[in-house]
Amino acid sequence: MEDDDHIPVGDALAGLAVPALPEGWTALGAIILVKCFDDEGRSSWAFRRTDGLNDEELLGALMVRTDLLRRELYEAYTGEDEE
Numbered sequence: 017m018e019d020d021d022h023i024p025v026g027d028a029l030a031g032l033a034v035p036a037l038p039e040g041w042t043a044l045g046a047i048i049l050v051k052c053f054d055d056e057g058r059s060s061w062a063f064r065r066t067d068g069l070n071d072e073e074l075l076g077a078l079m080v081r082t083d084l085l086r087r088e089l090y091e092a093y094t095g096e097d098e099e
C-alpha cells in the first residue's frame, strides 16, 4: 500500500481503541503515531495524518503536545509544579 492510499482510521488501526471525543465534538483531522511491529517483527513507529491538516497546524499541535508532556514529566520527576 502506498502512503497516498487512504483507508478509514478504524480499518487502519483495527483492534486498537482510544478515548472518545467529548460529547458534541466533531473530528476534522488526526495526527497518528502508531507503535508497530514491522514486516520483520521489529518494533517500529509509523506516522500518519489525515487530509485537511496543513504543515503549520501539524507543527503547532506537535509543539504544544510536546511542551505539555515535557511539563507533566518534569512535575512527575520532581514532585512539584514548575512555577
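Residue numbering for the sequence shown follows the working numbering, starting at 17 and increasing by one per position.
Yeah, the Cβ is synthetic: ideal placement off N, Cα and C, and Gly gets one too.
In this text the structure is predicted, and so the values were computed from the model without any measurement.
Query	Result
Separation of I48 from G76, as counted between CA atoms	15 Å
Helix, strand or coil at V34 [DSSP, three-state]	coil
Nearest neighbour of L32, chosen from L78, C52, R87, R86 [CA to CA]	C52
Alpha carbon of E72 to alpha carbon of D83, nearest angstrom	16 Å
L4 versus G95, L69, S60, residue with shortest Cα-Cα distance	Nothing can be reported for residue 4, as the shown portion of the chain is limited to 17 through 99.
Inter-residue spacing [alpha-carbon to alpha-carbon] between S60 and A28	16 Å
DSSP bridge partner residues for L49 (one or two, in chain order)	F63
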